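From first to last, the protein sequence lines are chains U and L. Numbering-wise, this note's numbering puts 102 at position 102 of the first sequence, and it's gapless, one number per residue. Start counting at 1 in the second sequence, then tack on 236, and there's your number in this note's numbering. In this text, a Cβ means the ideal position worked out from N, Cα and C, and glycines have one as well. Predicted model, so just to flag it, every value in this text is computed and none were measured.
There are 2 protein chains.
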Amino acid sequence: MPSEQSTATAAPSRPARRSRAPRGSLNPDLILEHALRLLDERGLEAFSMRALAEDLGVGTMALYTYFRGKDELFRAARDRVLAGYTPPSTEGSWDQRLRAACVAVHDLFTGRPAVLRLLAESTANDDFLDAATSAMDRMLALLREGGLGREDAARAYGTLSRFTIGSALREIRVCARPEALELFRSRIAALPPERFPVLADLAPELLLSTENGREQYEYGLDLILCGIRDLASRSA
Amino acid sequence: MPSEQSTATAAPSRPARRSRAPRGSLNPDLILEHALRLLDERGLEAFSMRALAEDLGVGTMALYTYFRGKDELFRAARDRVLAGYTPPSTEGSWDQRLRAACVAVHDLFTGRPAVLRLLAESTANDDFLDAATSAMDRMLALLREGGLGREDAARAYGTLSRFTIGSALREIRVCARPEALELFRSRIAALPPERFPVLADLAPELLLSTENGREQYEYGLDLILCGIRDLASRSA
DNA sequence: CACGCTACCGTACGCTGTACGTTAGACCGA
DNA sequence: TCGGTCTAACGTACAGCGTACGGTAGCGTG
Numbered sequence: 001m002p003s004e005q006s007t008a009t010a011a012p013s014r015p016a017r018r019s020r021a022p023r024g025s026l027n028p029d030l031i032l033e034h035a036l037r038l039l040d041e042r043g044l045e046a047f048s049m050r051a052l053a054e055d056l057g058v059g060t061m062a063l064y065t066y067f068r069g070k071d072e073l074f075r076a077a078r079d080r081v082l083a084g085y086t087p088p089s090t091e092g093s094w095d096q097r098l099r100a101a102c103v104a105v106h107d108l109f110t111g112r113p114a115v116l117r118l119l120a121e122s123t124a125n126d127d128f129l130d131a132a133t134s135a136m137d138r139m140l141a142l143l144r145e146g147g148l149g150r151e152d153a154a155r156a157y158g159t160l161s162r163f164t165i166g167s168a169l170r171e172i173r174v175c176a177r178p179e180a181l182e183l184f185r186s187r188i189a190a191l192p193p194e195r196f197p198v199l200a201d202l203a204p205e206l207l208l209s210t211e212n213g214r215e216q217y218e219y220g221l222d223l224i225l226c227g228i229r230d231l232a233s234r235s236a
Numbered sequence: 237m238p239s240e241q242s243t244a245t246a247a248p249s250r251p252a253r254r255s256r257a258p259r260g261s262l263n264p265d266l267i268l269e270h271a272l273r274l275l276d277e278r279g280l281e282a283f284s285m286r287a288l289a290e291d292l293g294v295g296t297m298a299l300y301t302y303f304r305g306k307d308e309l310f311r312a313a314r315d316r317v318l319a320g321y322t323p324p325s326t327e328g329s330w331d332q333r334l335r336a337a338c339v340a341v342h343d344l345f346t347g348r349p350a351v352l353r354l355l356a357e358s359t360a361n362d363d364f365l366d367a368a369t370s371a372m373d374r375m376l377a378l379l380r381e382g383g384l385g386r387e388d389a390a391r392a393y394g395t396l397s398r399f400t401i402g403s404a405l406r407e408i409r410v411c412a413r414p415e416a417l418e419l420f421r422s423r424i425a426a427l428p429p430e431r432f433p434v435l436a437d438l439a440p441e442l443l444l445s446t447e448n449g450r451e452q453y454e455y456g457l458d459l460i461l462c463g464i465r466d467l468a469s470r471s472a
């Protein structure tokens, strides 16, 4: 079938054969930058070492000079995003500041869908990255400032953290696939009201709350903060 | 290196060459049963169609007679687990019953770590499986019974659902890897107290709350329920 | 100029999911 | 009993994955 390449031994179907990239054309930062862009654009499952290398105009194995493997690269990418967290301004009462801090974390997560999934599934998590650790310290301090006891502060923090990641995870599913929302709409409309009366009745409200993730997050956050304030007032 | 096989043409290293399995030796239920067992025992990343087929004593491609592919098999496995949900007994006040229902969902999730991850990452979710839908209907009914308005009920449900899946996800990370907890312990002990004063101070409490996932879930659930009750009393 | 170090790279291996075509065995009408 | 048909089970093959390993080229230093 191949019409060309009649000369020489003719190795079958060479894959474009890039010329060797110059010596200084790679560094960890550049790699991570491209990796994050690819992850954001094409998603987690479309990502591969080969695709990343091609995007960088470089041979696949060149990446392994800077990262032990895909896992390490992913961890580094996740840490880079987490390190980009900037705590919100420190104004207002302790609970207002706590709320703002949570929302900031939530927005950071939802802004990087692929990275969030990395964070959620990473097996060996909690490396105590500096930025994450100081954010945690700050939030714990706010809870203590609100008057919570040692144990309550620790547990309330856990609650906020679990709710935040659970929310962000749900939202990236909706945001990433707008057509899924349409499917949700049709499914919920097709439910037999006699079998699921309440659900069918609340269909419009459920749809509304699904559409606006950020607002729904803040609603739940306020529910939790209500409980926390209750705790604080009780221990005062 | 191979010492044997001097005779005949000797096809190189045949892979044990199973004999053909009899006609009725496969069906969807049997496949799902084995798949779930494999997922629970070896985890999500160790699972493969080839491994499943071998476990069933069957050729790999035989599986494709019953499932279009790996995705469809995973969806079926997830639905099978979700269908095994049995709502708790209906005793006590509306908030007590709501609490019990949430805990039951949480326990269902944490009992099947691999399936939970399937559920969390599945791209096209929310198929409105019968069991899941009726559980949703029941919980919404309880919220309405508590006196919440239509919109509040929808949002409160969303909050509970987000928190529950966030919690379960965190817990399967801890449960699956007990050594991660030990690592967490050492890392948190090694933190410089002058940089993270509150965190270092609360280290013992944080460890305690990390160790017992179920208890921590119930704590956060009660925080949310406190907020929900507040809502209910306000609208009464 | 020569030498070594190392950043970049080509090849290859074992793994994956699965498209495609084949085969064997059960069933059925003659 | 015999062919025909239907289909569950299967073998092979292919593209793509992560990456171990060894090679190579170009810079820095002597």
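Leaving out five residues before and five after Leu-384(L) in sequence, what residues of the same chain have Cβ atoms less than 8 Å from its Cβ? Position 148 of the second sequence, counting from 1, holds the residue named residue 384(L). Ala-392, Ile-464, Leu-467, Ala-468 and Ser-471, listed in sequence order.
So which residues on chain L does Ser-167(U) lean against when the C-beta distance must stay under 9 Å? Stepping through the first sequence from its first residue, residue 167(U) is reached at position 167. Gly-394, Thr-395, Arg-398, Phe-399 and Gly-402, listed in chain order.
Per DSSP, what kind of secondary structure is Ser-316(L) in: helix, strand or coil? One-based indexing of the second sequence puts residue 316(L) at position 80. The amino acid occupying residue 316(L) in the given sequence is Arg; Ser does not appear at that position. It is helical.
Is Glu-45(U) helix, strand or coil when you go by DSSP? Counting from 1 along the first sequence, the entry for residue 45(U) is found at position 45. Glu-45(U) falls in the coil class under three-state DSSP.
Spell out whether any CB of chain U is found under 8 Å from the CB atom of Cys-411(L). Position 175 of the second sequence holds residue 411(L). For Cys-411(L), the answer is no, since every Cβ of chain U falls outside 8 Å of its Cβ.
Give me, in chain order, the residues of the same chain whose beta-carbon lies closer than 6 Å to that of Gln-216(U); leave out the 5 immediate sequence neighbours on both sides. For the purposes of this step, residue 216(U) is taken as residue 216 along the first sequence, with counting starting at 1. Same-chain partners within the cutoff: Ser-209.
Cα-Cα, which of Arg-273(L), Leu-274(L), Glu-277(L) and Met-297(L) is closest to Leu-262(L)? Sequence index remark: in the second sequence, residue 262(L) carries index 26 (1-based). If we check each option's Cα against that of Leu-262(L), Met-297(L) comes out closest.
Quick check on this structure: which residue in Gly-57(U), Arg-37(U), Arg-138(U) and Val-81(U) has the alpha carbon closest to the alpha carbon of Pro-22(U)? Within the first sequence, numbered from 1, the residue matching residue 22(U) stands at position 22. Of all alpha-carbon atoms in Gly-57(U), Arg-37(U), Arg-138(U) and Val-81(U), the one lying nearest the alpha-carbon of Pro-22(U) is that of Gly-57(U).
Rounded separation between Pro-238(L) and Arg-256(L) - CA only: The count along the second sequence starts at 1 and reaches residue 238(L) at position 2. The count along the second sequence starts at 1 and reaches residue 256(L) at position 20. Confidence at Pro-238(L) is low in this model, with a pLDDT of 36, below 50, so the placement of that residue should be treated as unreliable; the coordinate-derived value is given next. In this structure, the alpha-carbon of Pro-238(L) lies about 28 Å from that of Arg-256(L).
N- and C-terminal bounds of the alpha helix (DSSP H) containing Glu-182(U): Indexing the first sequence from 1 puts residue 182(U) at position 182. Looking at the DSSP string, the run of the alpha helix (DSSP H) that includes Glu-182(U) is 178-189.
For a cutoff of 8 Å on Cβ pairs, would you count Thr-133(U) as touching chain L? Counted from its first residue, the first sequence places residue 133(U) at position 133. Yes, because at least one Cβ of chain L sits closer than 8 Å to the Cβ of Thr-133(U).
Are the CB atoms of His-106(U) and Ser-161(U) nearer to each other than 8 Å? Within the first sequence, residue 106(U) is the residue found at index 106, counting from 1. Within the first sequence, residue 161(U) is the residue found at index 161, counting from 1. No, these two residues do not count as a Cβ contact at 8 Å.
Check each residue of the stretch 31-54 of chain U: if its Cβ is closer than 7 Å to any Cβ of chain L, include it; give the result in chain order. Residues are counted here when their Cβ sits less than 7 Å from a Cβ of chain L; for the stretch 31-54 of chain U the count is zero.
Below-8 Å beta-carbon distance, Phe-196(U) vs any chain L residue: Counting from 1 along the first sequence, the entry for residue 196(U) is found at position 196. Yes - at least one Cβ of chain L is within 8 Å of the one on Phe-196(U).
Is it buried or exposed, Leu-459(L), if we count other Cβ atoms within 10 angstroms and call 16 or more buried? Numbered from its first residue, the second sequence carries residue 459(L) at position 223. Buried, because 16 or more other Cβ atoms sit within 10 Å of the Cβ of Leu-459(L).
Outcome for Ser-211(U) when other beta-carbon atoms lying within 10 angstroms are tallied against a minimum of 16: Position 211 of the first sequence, counted from the first residue, corresponds to residue 211(U). Note that residue 211(U) is Glu in the sequence shown here, rather than Ser. Answer is exposed; the Cβ neighbour count stays below 16.
So that I know if they touch, is there some Cβ in chain U lying closer than 8 Å to that of Leu-318(L)? Start at 1 with the first residue of the second sequence, and residue 318(L) comes out as number 82. No, because no Cβ of chain U sits closer than 8 Å to the Cβ of Leu-318(L).
Within this structure, are the beta carbons of Leu-378(L) and Leu-334(L) separated by less than 8 Å? Residue numbering aside, residue 378(L) sits at position 142 when the second sequence is read from its first letter. Residue numbering aside, residue 334(L) sits at position 98 when the second sequence is read from its first letter. Their beta carbons are under 8 Å apart, which means Leu-378(L) touches Leu-334(L) by this criterion.
Can you tell me the Cα-Cα spacing of Ser-249(L) and Met-285(L), whole angstroms? In the second sequence, counting from the first residue as 1, residue 249(L) sits at position 13. In the second sequence, counting from the first residue as 1, residue 285(L) sits at position 49. Because Ser-249(L) sits at a pLDDT of 38, beneath the cut-off of 50, its placement in the model cannot be relied upon, and the point is left open.
Which residue from Leu-365(L), Cys-411(L), Ala-350(L) and Asp-437(L) puts its Cα closest to that of Glu-277(L)? The residue given as residue 277(L) occupies position 41 in the second sequence. Distance check between Glu-277(L) and each of Leu-365(L), Cys-411(L), Ala-350(L) and Asp-437(L) places Ala-350(L) closest, using alpha-carbon atoms only.
So, helix, strand or coil for Ser-403(L), using DSSP? Numbered from its first residue, the second sequence carries residue 403(L) at position 167. Reduced to three states, the DSSP call for Ser-403(L) is helix.
Would you report the Cα separation of Gly-456(L) and Gln-96(U), rounded to the nearest angstrom? Within the second sequence, numbered from 1, the residue matching residue 456(L) stands at position 220. Within the first sequence, numbered from 1, the residue matching residue 96(U) stands at position 96. Spanning the two alpha carbons is a distance of roughly 19 Å.
Near Thr-395(L), which residues of its chain fall below 7 Å by C-beta distance, leaving aside the five closest residues on each side in sequence? By one-based count along the second sequence, residue 395(L) stands at place 159. Short of 7 Å from the beta carbon of Thr-395(L), and not among the five residues preceding or following it, lie these beta carbons of its own chain, in chain order: Ile-460.
Proximal residues to Ile-267(L) (C-beta, below 8 Å), its chain only, five neighbours per side dropped: Counting from one through the second sequence, the residue named residue 267(L) turns up at place 31. Excluding positions up to five away in sequence, the list reads Leu-288, Leu-292, Leu-299, Tyr-302, Phe-303 and Leu-309.
Tyr-195(U), DSSP secondary structure in three states: By one-based count along the first sequence, residue 195(U) stands at place 195. Sequence inspection shows Arg at residue 195(U); the Tyr mentioned does not correspond to that position. In the structure shown, Arg-195(U) sits in coil (DSSP, three-state: anything other than H, G, I, E or B).
From Gly-213(U) to Leu-280(L), what distance separates their C-alpha atoms? On the first sequence, position 213 is the one that residue 213(U) refers to. On the second sequence, position 44 is the one that residue 280(L) refers to. Between the alpha carbons of Gly-213(U) and Leu-280(L) lies a gap of roughly 29 Å.
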